[in-house]
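FYI, in our numbering the residues of the sequence shown are 5 to 372.
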Amino acid sequence: MEKIKRFISCYIPVTTCTFRCHYCYITHHRLFGGTLPNLRFTPEEVRKALSQKRLGGACLINFCGGGETLLPSKIVDYVRVLLEEGHYVMIVTNGIVTNRFKELALFPQELLKRLFFKFSYHFLELKSRNLFDEFFSNVKRVYDAGASFTLEATPSDELIPYIDEVKEIAIKNAGAVNHITVARDERVSGELPILTDMSREDYNKTWSVFNSSFFDYKMSIFGERRKEFCYAGAWSAVVDLGSGMMKQCYCSFYNQNIFKDLDKPIRFLPVGNNCKQKHCYNGHAFLALGVIPELKAPSYGEIRNRITVDGKEWLRPAMKEFMETKLYGTNQTYTSFQKRKVNIEIRFRKLMSLIKSLLFKIKRFLLR
5 MEKIKRFISC YIPVTTCTFR CHYCYITHHR LFGGTLPNLR FTPEEVRKAL SQKRLGGACL
65 INFCGGGETL LPSKIVDYVR VLLEEGHYVM IVTNGIVTNR FKELALFPQE LLKRLFFKFS
125 YHFLELKSRN LFDEFFSNVK RVYDAGASFT LEATPSDELI PYIDEVKEIA IKNAGAVNHI
185 TVARDERVSG ELPILTDMSR EDYNKTWSVF NSSFFDYKMS IFGERRKEFC YAGAWSAVVD
245 LGSGMMKQCY CSFYNQNIFK DLDKPIRFLP VGNNCKQKHC YNGHAFLALG VIPELKAPSY
305 GEIRNRITVD GKEWLRPAMK EFMETKLYGT NQTYTSFQKR KVNIEIRFRK LMSLIKSLLF
365 KIKRFLLR
């Protein structure tokens with residue numbers, strides 16, 4: 005059984021979107037009308053930058069845009085070369101860019117078995133635009149071709165009157181009830197609370213009817229600041245495929261451009277005990293995959309999968325096995341001395357950053 009070496013979250017710098025979901029930060033900031041980015045890296049450069057040799061083995065690589073991930077034409081090529089490299093690839097999508105799914109479904113079976121789609125089930129948008137048939141046709145297309153998928157809805161207060169319909173349509177077309185995520189309010193700077201007018205208790209009670217292990221785990225960690233030693237940056241990373249910059253995580257003290265010199269080794273430096281986020285809002289991936297070894301968490305495969313009414317599973321065997329492995333199973337944990345050394349370096353970097361910021365402000369003040 006193949007095991008995960010690293011988790012790499014790739015950001016696609018696209019804010020253009022075919023939907024206008026009321027709960028999306030792209031909608032909140034009215035960014036959805038932007039032009040499509042001209043992704044400057046060739047597929048060959050992407051493959052070399054994220055090669056197994058450079059990353060240490062087979063990785064789980066996620067593609068997610070600010071808007072609709074599949075709109076830029078190069079994405080299909082990026083996905084293909086990374087699958088050919090031997091990685092397992094995930095794509096976050098609203099499920100409507102049909103031409104892209106037709107292209108992806110033509111991949112060889114050897115590649116498709118390592119491809120996973122996170123279909124965002126934007127129910128109210130699909131309903132208002134009469135797009136259910138197209139959406140679920142694309143879900144069926146990639147699944148029948150041999151890929152894996154999950155179906156995930158964003159719980160918003162406006163969706164509550166439609167809960168029964170949301171479940172019924174999911175069962176009818178995907179064979180099982182959809183999962184539920186936890187929406188964060190991006191309009192509240194720095195805090196990222198749950199996007200709802202309900203109390204946390206009522207919110208939990210309302211959406212628990214979906215019996216979603218994904219929702220249950222996200223609720224269990226939402227709002228909890230992580231103080232443990234975190235290996236994000238060493239066992240996982242966030243890469244901007246527009247600029248080539250790799251960060252340790254969304255909280256990062258050490259950034260590097262891994263496309264600048266494709267023959268140069270990547271330095272993997274963990275965040276350690278220095279996370280400055282209010283909570284690990286994407287902990288359903290990072291924490292479930294094991295960036296904090298001592299933290300008990302279900303496997304990533306467990307919170308993404310569903311067993312359908314006819315006994316099938318959303319995750320194909322190869323993807324399911326891979327998603328059930330943990331990062332701490334293939335990577336060495338640090339000694340106490342190594343942890344102290346990491347924390348000292350990170351705190352020194354924080355101090356230098358503060359000094360540079362202060363000097364910049366002083367210089368700007370003196371030039372007035």
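Note that the Cβ used here is the ideal one computed from N, Cα and C, for glycine as well.
Straight-line CA distance for residue i to residue j?
i, j, result
"glutamate 162", "aspartate 168", "13 Å"
"serine 224", "lysine 209", "13 Å"
"histidine 126", "alanine 157", "6 Å"
"leucine 358", "asparagine 259", "16 Å"
"glutamate 172", "isoleucine 164", "14 Å"
"asparagine 182", "leucine 135", "17 Å"
"methionine 249", "valine 243", "6 Å"
"lysine 282", "tyrosine 338", "25 Å"
"phenylalanine 364", "lysine 343", "32 Å"
What did DSSP end up calling residue i once you bin it into helix, strand or coil?
i, result
"leucine 363", "helix"
"glutamate 72", "coil"
"valine 83", "helix"
"serine 240", "strand"
"tyrosine 304", "helix"
"arginine 24", "coil"
"serine 357", "helix"
"tyrosine 254", "coil"
"threonine 97", "strand"
"glutamine 336", "coil"
"glutamate 156", "strand"
"glycine 60", "coil"
"arginine 188", "strand"
"glutamate 317", "strand"
"serine 224", "helix"
"lysine 7", "coil"
Tell me which same chain residues have a C-beta within less than 6 Å of the C-beta of residue i, skipping the five on either side of it?
i, result
"leucine 64", "Ile8, Phe11, Tyr92"
"arginine 113", "The displayed chain sequence assigns glutamine, not arginine, to residue 113. Closer than 6 Å at the Cβ level, and outside the excluded window around glutamine 113, lie Gly150."
"lysine 324", "Gly305"
"aspartate 81", "Pro47"
Which one of the options has the shortest CA to CA distance from residue i?
i, options, result
"serine 355", "Phe326, Thr20, Phe257", "Going by the sequence as given, residue 355 is leucine instead of serine. Considering only alpha carbons, the answer is Phe257."
"serine 77", "Arg44, Asn134, Arg58", "Arg44"
"arginine 229", "Tyr285, Ser216, Ile366", "Tyr285"
"aspartate 206", "Asp189, Ala174, Leu196, Pro159", "Pro159"
"alanine 62", "Met5, Tyr82, Gly71", "Met5"
"leucine 245", "Gly70, Arg271, Tyr27, Lys131", "Gly70"
Who are the near neighbours of residue i in its chain, counting only those whose CB is closer than 8 Å to its CB and skipping five residues on each side?
i, result
"valine 143", "Gly99, Phe121, Phe123, Phe153, Leu155, Asn177, Ala178"
Count the C-beta pairs between the stretch 224 to 240 and the stretch 265 to 275 that are closer than 8 Å, then say yes if the count reaches three, no if not.
-> yes
Just checking, does the stretch 73 to 90 make contact with the stretch 50 to 58 on the three C-beta pairs under 8 Å criterion?
-> yes
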